[in-house]
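Okay, so the sequence shown: first residue is 0 according to numbering that gives the first Met the number 0, each after it adds one. The beta-carbon is built from N, C-alpha and C at its ideal position, and this holds for glycine as well. From a predicted model like this one, the values you see are computed outputs, not experimental measurements. Some notes on the structure that comes next.
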Amino acid sequence: MSGKVSIIIVTWNSAKDIGECLNSVYKLVYKNFNVVVVDNNSKDDTADIVSKEFPQCELVKLEKNLYYTGGNNYGFNYAIEKYNPEYLLVLNPDTLVEENLLNVLLGEIEKDEKICAVGPKIKFKGGKRDGLINSASLFYDNFHSAYDLGFEQKDNGQFDNTMEVFGVTGTCILFRSDFIKRTGGFWSILKMYVDEVELFIRANKLGWKVIYTGKTTVWHKYMQSTSQKKHFNHEKLKMRNWLLIALRHYTLRDKLKMIRDYIKFIF
Numbered sequence: 000m001s002g003k004v005s006i007i008i009v010t011w012n013s014a015k016d017i018g019e020c021l022n023s024v025y026k027l028v029y030k031n032f033n034v035v036v037v038d039n040n041s042k043d044d045t046a047d048i049v050s051k052e053f054p055q056c057e058l059v060k061l062e063k064n065l066y067y068t069g070g071n072n073y074g075f076n077y078a079i080e081k082y083n084p085e086y087l088l089v090l091n092p093d094t095l096v097e098e099n100l101l102n103v104l105l106g107e108i109e110k111d112e113k114i115c116a117v118g119p120k121i122k123f124k125g126g127k128r129d130g131l132i133n134s135a136s137l138f139y140d141n142f143h144s145a146y147d148l149g150f151e152q153k154d155n156g157q158f159d160n161t162m163e164v165f166g167v168t169g170t171c172i173l174f175r176s177d178f179i180k181r182t183g184g185f186w187s188i189l190k191m192y193v194d195e196v197e198l199f200i201r202a203n204k205l206g207w208k209v210i211y212t213g214k215t216t217v218w219h220k221y222m223q224s225t226s227q228k229k230h231f232n233h234e235k236l237k238m239r240n241w242l243l244i245a246l247r248h249y250t251l252r253d254k255l256k257m258i259r260d261y262i263k264f265i266f
């Protein structure tokens, strides 16, 4: 394997986490990568930490918060235009990666040119959930329920396998660049929450494959980034996003059912 990887890390007031995240990234065994940090107009020291402590990292400072979807799409376009990588890795700033991450993910995605994305096992880092599973791929019920397989389970090796799945969590995803070019990446109107579900719905419709592998782990300080957004009604935003997904992808019958459920939720 020798493909170039651009690692996209979208930050927003991530000063407490970004240093530890980048330190783990630069210990990766696979070295054919570059890092682009897209800062969503942070008000803390995130940008200063990146620019002063990690000069090898490219920092892009946005003038406004484009959220998860817009920030990653900006990073995709920036990396593709400047570096033309074969692969794009989305990574949350509140994570730590194992040294074999890229070796494992690249080893899987290069097995089949129809694989558009690969995701690792995600485990909690810190707090009462420390060491428990955060995600071992995504389950989706084709309506408005999606959840992480293995969530809060003790890791006894039950998710150490590799398998084709509907999707993987946006905490860490290795994408084939051609897939991002063809689809345009995340649907930016969703901002955050179930954004990866919508993208994998499109992947499924287009005949792409998604792979989960438990051969490597990313450690996640769960909800560190989103917990700061106190002004958001998280559940309301999720329900609004499910409605938008339904209007874009579902049959007329399911569109009407989702509109009904949305109205009930709002009122």
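Could you have a look at residue i and say whether DSSP puts it in helix, strand or coil?
{"i": "Thr216", "result": "strand"}
{"i": "Thr161", "result": "strand"}
{"i": "Ser176", "result": "helix"}
{"i": "Phe199", "result": "helix"}
{"i": "Thr10", "result": "strand"}
{"i": "Tyr66", "result": "helix"}
{"i": "Gly166", "result": "strand"}
{"i": "Ser187", "result": "helix"}
If I'm right that residue i touches residue j with Cβ under 8 Å, what's the distance once you round it to whole angstroms?
{"i": "Tyr73", "j": "Leu61", "result": "7 Å"}
{"i": "Glu151", "j": "Ile132", "result": "7 Å"}
{"i": "Gly105", "j": "Gly213", "result": "The sequence as given places Leu at residue 105; Gly does not occur at that position. Rounded, the Cβ-Cβ distance is 16 Å, inconsistent with contact."}
{"i": "Ile79", "j": "Arg175", "result": "Contact flag wrong, Cβ pair sits at about 12 Å."}
Taking Cβ to Cβ, would you say residue i is nearer than 7 Å to residue j?
{"i": "Lys208", "j": "Phe158", "result": "no"}
{"i": "Leu27", "j": "Glu98", "result": "yes"}
{"i": "Gly184", "j": "Phe75", "result": "yes"}
{"i": "Pro92", "j": "Ile17", "result": "yes"}
{"i": "Ala245", "j": "Lys235", "result": "no"}
{"i": "Leu90", "j": "Ile6", "result": "yes"}
{"i": "Val96", "j": "Ser13", "result": "no"}
Using a Cβ-Cβ cut-off of 6 Å (strictly less than) and excluding sequence neighbours within five positions of residue i, which residues of its own chain qualify?
{"i": "Met191", "result": "Tyr66 and Tyr67"}
Strictly under 7 Å for the Cβ-Cβ distance: is residue i near chain D by that measure?
{"i": "Glu109", "result": "Of the protein chains in the structure, only one exists, and it is not chain D."}
Whole angstroms are fine: how far does the CA of residue j sit from the CA of residue i?
{"i": "Asp69", "j": "Ile8", "result": "According to the sequence provided, residue 69 is Gly. The question's Asp does not apply to it. Distance between the alpha carbons of Gly69 and Ile8: 12 Å."}
{"i": "Lys263", "j": "Gly169", "result": "29 Å"}
{"i": "Ala135", "j": "Ile258", "result": "31 Å"}
{"i": "Trp186", "j": "Thr250", "result": "19 Å"}
{"i": "Met238", "j": "Asp194", "result": "12 Å"}
{"i": "Ile172", "j": "Val196", "result": "12 Å"}
Looking only at its chain, what residues have a beta carbon closer than 7 Å to the beta carbon of residue i, apart from the 5 residues adjacent to it on each side?
{"i": "His248", "result": "Ile200"}
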